[in-house]
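Asks: Protein chains in written order, with full-length UniProt numbering: chain A, 1 to 188; chain B, 1 to 188. All C-beta atoms, glycine included, are put in the ideal place defined by N, C-alpha and C. For clarity, every value in this text was computed on a predicted model and none was experimentally measured.
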DNA sequence: CTTGGCTATGCAACGAGTTGCATAGCAGGA
DNA sequence: TCCTGCTATGCAACTCGTTGCATAGCCAAG
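#1: Residues in the same chain with beta-carbon distance under 6 Å from residue 22/A, minus the five sequence neighbours each way, listed in chain order, please.
#2: Residue 72/B touches chain A at which residues, Cβ-Cβ below 7 Å?
#3: Can you list, in chain order, the residues of its chain whose CB lies under 8 Å from that of residue 154/B, leaving out five sequence neighbours each side?
#4: Decide if residue 125/B is buried, meaning its Cβ has at least 16 other Cβ atoms within 10 Å, or exposed.
#5: Within 10 angstroms of the Cβ of residue 62/B, are there 16 or more other Cβ atoms? Answer buried if so, exposed if not.
#6: Check distances from the C-beta atoms of the region 62-86 of chain B to those of chain A and list, in chain order, the residues that come in under 8 Å.
#7: Answer yes or no: do residue 193/A and residue 3/A have a C-beta to C-beta separation smaller than 7 Å?
#8: May I ask you to list, following chain order, the residues of the region 120-153 of chain A that have a beta carbon less than 8 Å from some beta carbon of chain B?
#9: List, in chain order, every chain B residue whose beta-carbon is nearer than 9 Å to that of residue 181/A.
#10: Looking at the C-beta of residue 36/B, does it have a partner C-beta in chain A at a distance below 7 Å?
#11: Compare the C-beta of residue 101/A with all C-beta atoms of chain B and state if any pair is closer than 7 Å.
#12: Pairs of beta-carbons, one from the region 66-75 of chain B and one from the region 157-168 of chain B, closer than 8 Å: are there three or more?
#13: Got a sec: is the Cβ-Cβ distance from residue 91/B to anything in chain A below 7 Å?
#14: Check for me: the alpha helix (DSSP H) holding residue 114/B runs from which residue to which?
#15: One question on the structure: do residue 12/B and residue 105/A come within less than 7 Å of each other, judged by their Cβ atoms?
#16: Contact between the region 108-126 of chain A and the region 170-179 of chain A: three or more CB pairs below 8 Å?
#17: In chain order, which continuous runs of the beta strand (DSSP E) of length 3 or greater are located wholly inside the UniProt domain "Transcription regulator PadR N-terminal" (7-80) of chain B?
#18: Anything in chain A within Cβ reach of residue 111/B, meaning under 9 Å, just list it in chain order.
#19: Between which two residues does the alpha helix (DSSP H) carrying residue 189/A extend?
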């Protein structure tokens, strides 16, 4: 049910439509949760029918009408209650690691380009996060001092940055290993 | 469909029953994929009906019979084909980060014990992985030299170790931030 | 001797997440 | 002019993953 809570947090930070939420999930929320617009619309509808959210129809010119959702009392209470409940620490789900172990039963060198591609994606994400950090928290245009909400957003962003850096370092280790195996065992 | 491929890899490394696979997913496979026995039994049945696996019924004394699965030709081919297809880089799914940002709308200090608990879990996992590395790859009882399969298992394990270390470092950062906010803003 | 735990497999129901498709008006470029 | 792309919402069908429960024999501890 964490999507529900991620939506509550995002709407508390700023009310918005399903479409806007979907874009936030591609951007800032993206470094701790992902969701497609389908999922978001479905959950928004359910949360509204459960009384956690309020809707307001906004007609716009030169673009379709939208529904702006905002959190109401019971929604805020549901979030507060969840914060007090313990949750299970996450476990890994890493397809690429499955492939790497699977490469033992094929030619390991076929994975080199794939791993390089993943490295590029993580490197781009890192650059994007670092730019966001400079813009919002550590650069000259950032507010000083930061309030509690901004401090918490910043520490989550630092987590994303740390994650991307460690992933890149590991992928470099993987590439070195694959290249070493490729030269000593040229084709299975 | 990565569960299917994780099962193929594991059964290629060593044939086994659904029950044994479930335990492997709790242990060594656990640092790159998770699955419950329900999922595993269901997928094994499907894969067998698709001709990717062969079954052999084994009767045992003083414990229930089991079905030993092993990979056959088409299963190996399916894995090889998947290795050649590109996959999407993973995205984050981190409940705890949702909670941390949500704490801005409640009292941040309620999260301290929760974060400490997560830190303990990751610290235990790290110790477990490091012990496994020493036992299987870097200790005196480890085979030398390692073959390609072992090298690949080792680099995946190093990824698990790196991940746990970076997570612990980040959780320490989170704890420091929560404590700092707790003293300057004593209760919302 | 009863309770709990381990091996071993499985069903049923539910909830979470993905993919394909549909609608619809407006803006900008080839 | 047509095609692409953006805003904006949504249905239907599907797969993936979780939770609760059931069976069943053996073993060890209290």
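Replies: Quick look at the numbers:
#1: The residues are 37, 40.
#2: What residue 72/B touches in chain A: nothing, since even the nearest Cβ is about 13 Å away.
#3: In chain order, 133, 136, 137, 146 place their CB closer than 8 Å to the CB of residue 154/B, counting only its own chain and leaving out the 5 sequence neighbours on each side.
#4: Residue environment: residue 125/B is assigned as buried (16 or more neighbouring CB atoms within 10 Å of its CB, all protein chains considered).
#5: Label assigned to residue 62/B: exposed.
#6: If the cut-off is 8 Å between Cβ atoms, the region 62-86 of chain B has 76, 79, 80, 82, 83, 84, 86 near chain A.
#7: The first residue shown for chain A is 1 and the last is 188, placing residue 193/A beyond what the model contains.
#8: If the cut-off is 8 Å between Cβ atoms, the region 120-153 of chain A has 121, 122, 148, 149, 151, 152, 153 near chain B.
#9: Simply 148, 151, 152.
#10: Residue 36/B has a beta carbon lying at 7 Å or more from every beta carbon in chain A.
#11: So yes, residue 101/A belongs to the interface.
#12: No, they do not touch.
#13: It does; some Cβ of chain A falls within 7 Å.
#14: For residue 114/B, the enclosing alpha helix (DSSP H) covers residues 112-133.
#15: Contact flag set, yes.
#16: Touching, yes.
#17: Those beta strand (DSSP E) runs which fall completely within the UniProt domain "Transcription regulator PadR N-terminal" (7-80) of chain B and span 3+ residues are 53-58, 66-71.
#18: Residues of chain A with a Cβ closer than 9 Å to the Cβ of residue 111/B are, in chain order, 83.
#19: For residue 189/A there is no data in the structure shown, the boundaries of chain A being 1 and 188.
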